[in-house]
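Enquirer:
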Amino acid sequence: MSANAVSVLPGDELGAALSPSVRGVAQGQCHRIPVHARFEGHSVPATLAVRDEVHCVLEVPAGLYSANPEPFTVTLCFQQCLHRPQVPVNMQGRWSGNDRPCLELVSCGSRPAYLNERDRADASLRAAARSPILFNRRLTVQLHYLSPLNGAFEVLDRDVVIVPGMDLELQFNCPWSGQAMVRVQVQGRFEDQGRFLCHFRVLDKPSSTAVALMLLCQRRHFSFDSLPVALRKSPAIGRLIHVAIIEGTGAMDDLLTCRLAANRHYGRLEDVQDPRVLWDEWDPYAIQVSARLGNKCVGAGRVVVNSGYRERCEIEMATPLPQWLWAAGFVEMSRVAILPEYAGHHVMLALLRELGRITLHLQSRYIVLDAIDLLVPIYTRLGAQCLPISKKHPYSGETVRVMYFDVGRLLSRLDWHLPQWLFVFGPTIGHSVHRQHISQLAAQFRVSATGIRVKRGIARALKKLMG
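Structure, rendered in structure tokens:
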């Protein structure tokens, strides 16, 4: 097909004035794409060219073809592709009335059923698109639907009309998950509210993983439950989680909502409708911590600073604590909550490390907490010890054990719990225990400075090794 056979598109009058042989087509829009075509028992090399938003023309070699006037299926394999082996795509076509053997293909159809409204993308989600076919062009596309398997986008540039079968490399830059490269193949086009959208499938596993990690930070309903089991355990998830000290009404509302949802998962607080009623008399004396994926609060906890005042300690108000704890000084860790759809070690690790960092910053010798029976063995493996006292859970009335961490002893002790302890708190030591302050810290806690130096050295070495 020659350039002057291309249909006129609105707004291309400047192109027609500059080149009379091109009637109203944007410069570069009539790409001629080498493909391999299979139809009606034929398998031939061919050239695909864009005609308009809805139709393409396929030029095939001269030969003996049937003059079937009815539409039939044409299978195309693009020679310039990003994925091997090539992934074929089917289009409907019929013979054109031109002198040369040409097929007119329909590139636009109905909206595919697999596009779920739950996968509708945020209005601001854009990507840069490149393809071997587009010859050094970088298009801007706006995503309307996106999932780890498929999606749909709108091309914002007028220079190129995307055709089904074309491979694209979508480059995203998410503020939380960073840069992502996603390889996709366009499956077709459809009209949606006056706009032409291209629907695509994701071509490979690394691209699918990149999309999943990005959506984990961007989409409210996309959670760990939406991920494959192998990806849920990946260290990449932990690197996406960040922590924040919470101040302000809006952020506290998110934190209290998380607190309510986590307790409802265990059958508590089912009659509570407003999360703000969970704000209690100890929250004003607490440092509130939020674990976040993007702008989603997925976990929460607090460190209550009593400053020696017994009425500021929730556990003390329920059951008296030993005098030696008050003499040495301690903080209280409580209200650790994780949304059930984000359950797993990733969020808990982020919370424990930040709560440990706060304790070191406050230079508290002990951390006191209460734990349900399910969590007692976990805290014990991390070095916590049980006190011979218990109390009632404030929300359910169930009996909980009172435990404590001896921070000074844990910083200096070397025993068989060391690997587990370093896995959880190693990053905290590497960040918060500075070499020039080790002697002062050891003297304050009355422990061995050598043990602290050894643990700090191992923690820093592991960080360099694991990245």
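Numbering (the numbering used here), first residue to last: 1166 to 1632.
Every residue, glycine too, gets a C-beta built ideally from N, C-alpha and C.
Keep in mind it's a predicted model, so treat the numbers as computed, not measured.
(1) Using a Cβ distance threshold of 8 Å, determine whether the stretch 1272-1285 contacts the stretch 1355-1363, with at least three qualifying pairs required.
(2) Does the beta-carbon distance from P1234 to R1203 come in below 8 Å?
(3) What residue range is occupied by the uninterrupted alpha helix (DSSP H) comprising E1224?
(4) Over what stretch of residues does the alpha helix (DSSP H) that includes I1594 continue unbroken?
(5) Can you look up G1189 in the DSSP assignment and give me helix, strand or coil?
(6) On a CA-only basis, which of Q1336, M1498 and C1221 is nearest V1645? Give me that one, please.
(7) If Q1257 and L1270 are in contact, beta carbons under 8 Å, what's the gap, nearest whole angstrom?
(8) Excluding five sequence neighbours on each side, which residues of the same chain lie with their C-beta closer than 6 Å to the C-beta of R1477?
(9) Are there 16 or more other CB atoms within 10 angstroms of the CB of Q1383, so buried, or fewer, so exposed?
(10) Below 8 Å, how does it come out for the stretch 1418-1425 and the stretch 1546-1556: are there three or more Cβ pairs, yes or no?
(11) Straight-line CA distance for A1232 to L1268?
(12) Considering M1568, what are the terminal residues of the beta strand (DSSP E) in which it resides?
(13) Buried or exposed for T1305, please, with buried defined as at least 16 other CB atoms from any protein chain shown within 10 angstroms of its CB.
(14) Rounding to the nearest angstrom, what Cα-Cα distance links I1327 and M1513 in this structure?
(15) Over what stretch of residues does the alpha helix (DSSP H) that includes Y1544 continue unbroken?
(16) Name the residue from H1196, I1198, V1567 and R1530 whose alpha carbon lies nearest to the alpha carbon of T1545.
(17) Which same chain residues, not among the five before or five after G1494, have their C-beta less than 8 Å away from its C-beta?
(18) Taking C-beta to C-beta, are L1396 and T1414 nearer than 8 Å?
(19) I need the straight-line Cα distance from W1489 to K1628, nearest angstrom please.
(20) Please state whether the Cβ-Cβ distance between A1502 and A1536 is less than 8 Å.
(21) Let's see if you can read the secondary structure: which residues bound the alpha helix (DSSP H) around I1532?
(22) What span of residues does the alpha helix (DSSP H) with N1428 cover, start to end?
(23) One question on the structure: do V1533 and I1452 come within less than 8 Å of each other, judged by their Cβ atoms?
(24) Leaving out the 5 sequence neighbours to the left and right, which residues in its chain are closer than 8 Å to L1425 when beta-carbon positions are compared?
(25) Have a look at H1407 and A1456 and give me their C-alpha separation to the nearest angstrom.
(26) Could you name the residues that DSSP lists as bridge partners for I1411?
(27) Is S1577 near the ligand COA - that is, is its Cβ less than 7 Å away from at least one heavy atom of it?
(28) On the three-state DSSP scale, how would you describe C1363?
(29) Tell me the DSSP secondary structure of A1614 in three-state form.
(30) What did DSSP end up calling F1389 once you bin it into helix, strand or coil?
(31) Mind checking T1132: buried by the 16 CB within 10 Å criterion, or exposed?
(32) Classify T1238 as buried or exposed, calling it buried when 16 or more other Cβ atoms lie within 10 Å of its own Cβ.
(33) Report the CB separation of L1378 from A1409 in whole angstroms; it is logged as a contact under 8 Å.
(34) Return yes when the Cβ of L1381 is within less than 8 Å of the Cβ of L1504, no when it is not.
(35) So for K1620, helix, strand or coil by DSSP?
(36) Within this structure, are the beta carbons of L1333 and R1295 separated by less than 8 Å?
Expert: With the structure as the only source:
(1) Contact holds: three or more Cβ-Cβ distances are below 8 Å.
(2) As a first step, residue 1234 is located in the sequence shown; it is residue number 69 there, counting from the start. As a first step, residue 1203 is located in the sequence shown; it is residue number 38 there, counting from the start. No, they are not a contact pair.
(3) Position 59 of the sequence shown holds residue 1224. Per DSSP, E1224 lies in no alpha helix (DSSP H); the unbroken beta strand (DSSP E) holding it starts and ends at H1220 to E1224.
(4) Residue numbering aside, residue 1594 sits at position 429 when the sequence shown is read from its first letter. Following the DSSP letters along the chain, one finds I1594 inside the alpha helix (DSSP H) bounded by residues L1583 to S1597.
(5) The count along the sequence shown starts at 1 and reaches residue 1189 at position 24. Note on G1189: pLDDT 41, under 50, position unreliable in the model; no value is reported.
(6) The requested residue 1645 is not part of the displayed model; the chain covers only 1166 to 1632.
(7) In the sequence shown, residue 1257 corresponds to position 92, counting from 1. In the sequence shown, residue 1270 corresponds to position 105, counting from 1. Going by Cβ atoms, the distance from Q1257 to L1270 rounds to 7 Å, so yes, they are a contact pair.
(8) Counting from 1 along the sequence shown, the entry for residue 1477 is found at position 312. Same-chain partners within the cutoff: Y1450 and N1471.
(9) The count along the sequence shown starts at 1 and reaches residue 1383 at position 218. Buried, by the Cβ-count rule.
(10) As far as the Cβ criterion goes, the stretch 1418-1425 does not touch the stretch 1546-1556, which means the pair count is below three.
(11) Position 67 of the sequence shown, counting from 1, holds the residue named residue 1232. Position 103 of the sequence shown, counting from 1, holds the residue named residue 1268. Across the structure, A1232 and L1268 are spaced so that their CA atoms are roughly 11 Å apart.
(12) The sequence position of residue 1568 within the sequence shown is 403, counting from 1. Element bounds for M1568: T1564 to D1571.
(13) Residue mapping note: residue 1305 aligns to position 140 of the sequence shown, counting from 1. It is exposed - the Cβ of T1305 has fewer than 16 other Cβ atoms within 10 Å.
(14) Looking up residue 1327 in the sequence shown gives position 162. Looking up residue 1513 in the sequence shown gives position 348. Distance between the alpha carbons of I1327 and M1513 is about 45 Å.
(15) Counting from 1 along the sequence shown, the entry for residue 1544 is found at position 379. First-last of the alpha helix (DSSP H) with Y1544: V1541 to R1546.
(16) Start at 1 with the first residue of the sequence shown, and residue 1545 comes out as number 380. Considering only alpha carbons, the answer is V1567.
(17) As a position in the sequence shown, residue 1494 is number 329, starting the count at 1. Excluding sequence positions up to five before and after G1494, its CB lies within less than 8 Å of the CB of G1473, S1529, R1530 and Y1531, all in the same chain and listed in chain order.
(18) Your numbering for residue 1396 matches position 231 in the sequence shown. Your numbering for residue 1414 matches position 249 in the sequence shown. For L1396 and T1414, no; Cβs fall outside 8 Å.
(19) Start at 1 with the first residue of the sequence shown, and residue 1489 comes out as number 324. Start at 1 with the first residue of the sequence shown, and residue 1628 comes out as number 463. Cα to Cα, W1489 sits roughly 36 Å from K1628.
(20) For the purposes of this step, residue 1502 is identified with residue 337 of the sequence shown, where counting begins at 1. For the purposes of this step, residue 1536 is identified with residue 371 of the sequence shown, where counting begins at 1. No, they are not a contact pair.
(21) In the sequence shown, counting from the first residue as 1, residue 1532 sits at position 367. No alpha helix (DSSP H) contains I1532, which is instead part of the beta strand (DSSP E) from Y1531 to A1536.
(22) Stepping through the sequence shown from its first residue, residue 1428 is reached at position 263. Taken as a continuous stretch (DSSP letters only), the alpha helix (DSSP H) holding N1428 covers T1414 to H1430.
(23) Sequence index remark: in the sequence shown, residue 1533 carries index 368 (1-based). Sequence index remark: in the sequence shown, residue 1452 carries index 287 (1-based). Taking 8 Å as the Cβ cut-off, V1533 and I1452 do not qualify as a contacting pair.
(24) Walking along the sequence shown from the start, residue 1425 turns up at place 260. Cβ within range, chain order: L1434, V1437, P1440 and L1443.
(25) Here the question's residue 1407 lines up with position 242 in the sequence shown. Here the question's residue 1456 lines up with position 291 in the sequence shown. Rounded to whole angstroms, H1407 to A1456 spans 6 Å at the Cα level.
(26) As a working mapping, residue 1411 is identified with position 246 in the sequence shown. According to DSSP, which records beta bridges pairwise, I1411 is partnered with nothing at all.
(27) In the structure shown, the ligand COA is absent, as is every other ligand, since no ligand is present at all.
(28) Residue mapping note: residue 1363 aligns to position 198 of the sequence shown, counting from 1. When secondary structure is reduced to three states using DSSP, C1363 falls in the strand class.
(29) Here residue 1614 is taken as the residue at index 449 of the sequence shown, counted from 1. Three-state DSSP puts A1614 in a helix.
(30) Walking along the sequence shown from the start, residue 1389 turns up at place 224. DSSP, reduced to helix, strand and coil, places F1389 within a helical segment of the structure shown.
(31) With the chain running from 1166 to 1632 in the structure shown, residue 1132 is simply not present.
(32) The residue given as residue 1238 occupies position 73 in the sequence shown. An exposed status is given to T1238, since fewer than 16 other beta-carbon atoms sit within 10 Å of its beta-carbon.
(33) One-based indexing of the sequence shown puts residue 1378 at position 213. One-based indexing of the sequence shown puts residue 1409 at position 244. Approximately 20 Å separates the beta-carbon atoms of L1378 and A1409; this is outside 8 Å, ruling out the contact.
(34) In the sequence shown, counting from the first residue as 1, residue 1504 sits at position 339. In the sequence shown, counting from the first residue as 1, residue 1381 sits at position 216. No, these two residues do not count as a Cβ contact at 8 Å.
(35) Along the sequence shown, one-based indexing puts residue 1620 at 455. K1620: helix per DSSP, three-state reduction.
(36) As a working note, residue 1333 is residue 168 in the sequence shown. As a working note, residue 1295 is residue 130 in the sequence shown. A contact, by the Cβ cut-off of 8 Å.
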